[in-house]
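Heads up, the sequence shown is in the UniProt record's numbering, so the first residue is 1 and it goes up one at a time.
For glycine and all other residues, C-beta sits at the position ideal for the given N, C-alpha and C.
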Amino acid sequence: MTTTSPTQLTILSACCSPAEPAVADESAEALASLFKALADPARVKIMSMLLNADEVCACDIATAIGKSQATASHHLGLLRKAGLVTGDKRGTWVYYRAIPERLASISAALTTDL
Numbered sequence: 001m002t003t004t005s006p007t008q009l010t011i012l013s014a015c016c017s018p019a020e021p022a023v024a025d026e027s028a029e030a031l032a033s034l035f036k037a038l039a040d041p042a043r044v045k046i047m048s049m050l051l052n053a054d055e056v057c058a059c060d061i062a063t064a065i066g067k068s069q070a071t072a073s074h075h076l077g078l079l080r081k082a083g084l085v086t087g088d089k090r091g092t093w094v095y096y097r098a099i100p101e102r103l104a105s106i107s108a109a110l111t112t113d114l
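This is the structure we're talking about:
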């Protein structure tokens, strides 16, 4: 009967230092939350509309993205909760605008949070 001996593994040192995450854990969680808010084609369309206009009525947003008023309101609520848009109620309609500084903060956090 033949027996086998356990194989020893040789641990090789890495050719370079292990990479450190560029973003701190807290920042990564906050950024992931923002990316989650943008992780839907309808919300990306809404953000594009709002970044290219001063403000847009919720009724026009629903038509532009091809969704019902209720669905558009749902998406706008998620964007508002994430701090990406703000709304101003006038009569029965809400006029939305993007908060471009919030998007700029995403870029800044990804590139300078070392």
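Sequence-distant Cβ neighbours of residue 33 in its own chain, meaning closer than 8 Å and more than five residues away, are 82. For residue 88, the three-state secondary structure derived from DSSP is strand. Residue pairing from DSSP places residue 57 in a beta bridge opposite 95. Secondary structure note for residue 66: it is in no alpha helix (DSSP H), with a DSSP letter that is neither H nor E. Residue environment for residue 44: exposed (fewer than 16 other C-beta atoms within 10 angstroms of its C-beta).
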